[in-house]
Amino acid sequence: MGMFIVIEGIDGAGKSTQTKLLAEWFEEKGHEVVLTKEPTDTAFGKLIRKLVLTGGKEGIIDGARISHEAEALLFAADRAEHVSKLIKPSIEAGKIVISDRYFYSSLAYQWARGLDLEWLIDLNRFAVRPDLVILLDLPVKESMKRINGRSIKTEFDKIVELQKKVRENYLKLAERFPEIRIVNALASVEDIHNDIVALVEHELFKK
Ligand SMILES: Nc1ncnc2c1ncn2[C@@H]1O[C@H](COP(=O)(O)OP(=O)(O)O)[C@@H](O)[C@H]1O
Ligand SMILES: Cc1cn([C@H]2C[C@H](O)[C@@H](COP(=O)(O)OP(=O)(O)O)O2)c(=O)[nH]c1=O
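Under the numbering used here, residues 241 to 447 are what the sequence shown spells out, in order.
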């Protein structure tokens with residue numbers, strides 16, 4: 241059987257940097273790796289980018305932003321396709337699946353938007369549990385410095401507040417889901433990579 245590893249964290253925590261390094265580490269060891277992410281690049285992911293993430297005209301229904309419930313359902317639909325078409329078959333084929341975000345993102349973000357955590361957990365119950373979830377944790381101030389320019393300046397304060405809530409939510413989720421391991425993401429790219437590798441080796445050893 242393969243292995244399923246997820247990297248989570250607030251925007252700018254270093255997820256895409258670290259998922260790439262981890263994929264290379266596995267490949268050097270001769271493993272077949274599937275590097276993936278959520279929202280996906282499928283039609284569902286594109287729909288999310290259009291209706292949720294752009295905040296543009298198309299995401300507006302009757303003058304208001306689409307509801308948080310509809311948002312959660314779109315992320316879950318994208319994930320359902322992701323799990324059944326890519327994640328499950330790849331694990332069954334003995335591959336190493338590494339995903340940049342998974343259902344923990346829905347719990348952290350949609351909970352921060354005011355939705356009920358238990359409803360979100362139920363909604364995502366179809367999603368196979370990963371062997372290991374790396375939570376890249378760092379203060380919002382630091383992540384905002386790293387992605388300076390990615391966000392719209394006028395909404396800066398609102399974004400900071402949401403990210404703070406999301407960070408707190410992730411830390412609360414780490415107490416509830418034993419597969420989540422917290423890694424200090426304030427360190428250098430190399431040190432963080434080494435911490436992740438140590439956790440992965442520990443997990444591989446258990447298998
Ligand atoms: N440990 C680190 N220290 C400083 N900057 C980093 C670190 N890791 C990543 N970065 C930089 O911070 C930015 C956000 O990183 P990225 O991997 O894209 O984060 P995410 O995928 O979580 O949004 C990028 O410009 C990246 O080069
Ligand atoms: C997967 C997922 C992502 N999101 C959010 C988190 C990010 O702000 C955004 C992902 O957009 P993305 O364009 O991948 O950006 P990033 O590099 O910041 O990860 O969608 C949710 O709110 N719920 C989810 O279930």
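Glycine is no exception: its CB is placed at the ideal position from the N, C-alpha and C atoms.
Just to confirm, does residue i get its C-beta within under 7 Å of one of the non-hydrogen atoms of ligand 1?
i: residue 432; result: yes
i: residue 312; result: no
i: residue 290; result: no
i: residue 428; result: yes
i: residue 251; result: yes
i: residue 386; result: yes
i: residue 354; result: no
If contacts are defined as beta-carbon pairs under 8 Å, then residue i and residue j qualify, I think. What distance do you get, rounded to the angstrom?
i: residue 331; j: residue 270; result: Wrong, their Cβ atoms sit about 18 Å apart, outside the cutoff.
i: residue 347; j: residue 360; result: 5 Å
i: residue 379; j: residue 419; result: Rounded, the Cβ-Cβ distance is 24 Å, inconsistent with contact.
i: residue 345; j: residue 248; result: 6 Å
i: residue 306; j: residue 287; result: Contact doesn't hold; Cβ gap of about 11 Å is too wide.
So, for residue i: in the same chain, excluding its five sequence neighbours on each side, which residues have a beta-carbon less than 6 Å away from its beta-carbon?
i: residue 266; result: 273 and 336
Is the closest heavy atom of ligand 2 to the C-beta of residue i under 7 Å?
i: residue 315; result: yes
i: residue 258; result: no
i: residue 293; result: yes
i: residue 278; result: yes
With distances taken between CB atoms, is the gap from residue i to residue j smaller than 8 Å?
i: residue 439; j: residue 338; result: no
i: residue 252; j: residue 387; result: yes
i: residue 367; j: residue 323; result: yes
i: residue 333; j: residue 377; result: no
i: residue 275; j: residue 259; result: yes
i: residue 279; j: residue 315; result: yes
i: residue 428; j: residue 250; result: no
i: residue 293; j: residue 433; result: no
So, at 7 Å on beta carbons, what are the nonlocal neighbours of residue i in its own chain, with the 5 sequence-adjacent residues on each side left out?
i: residue 349; result: 406
i: residue 189; result: The shown model of the chain, from 241 to 447, leaves out residue 189, and the question about it has no answer.
i: residue 312; result: 346, 350, 355, 360 and 363
i: residue 340; result: 247, 255, 256, 259 and 277
i: residue 437; result: 265
i: residue 372; result: 245, 419, 421, 439, 440 and 443
Under 8 Å, Cβ to Cβ, is there at least one residue of chain B near residue i?
i: residue 318; result: In the displayed structure, chain B is absent; only one protein chain is listed.
For residue i, count neighbouring C-beta atoms within 10 Å of its own C-beta (all shown protein chains included) and say buried if the count is 16 or more, exposed if not.
i: residue 319; result: buried
i: residue 364; result: buried
i: residue 445; result: exposed
i: residue 435; result: buried
i: residue 396; result: exposed
Among the residues of its own chain, which have a CB less than 8 Å from the CB of residue i, if the five just before and after it don't count?
i: residue 309; result: 355
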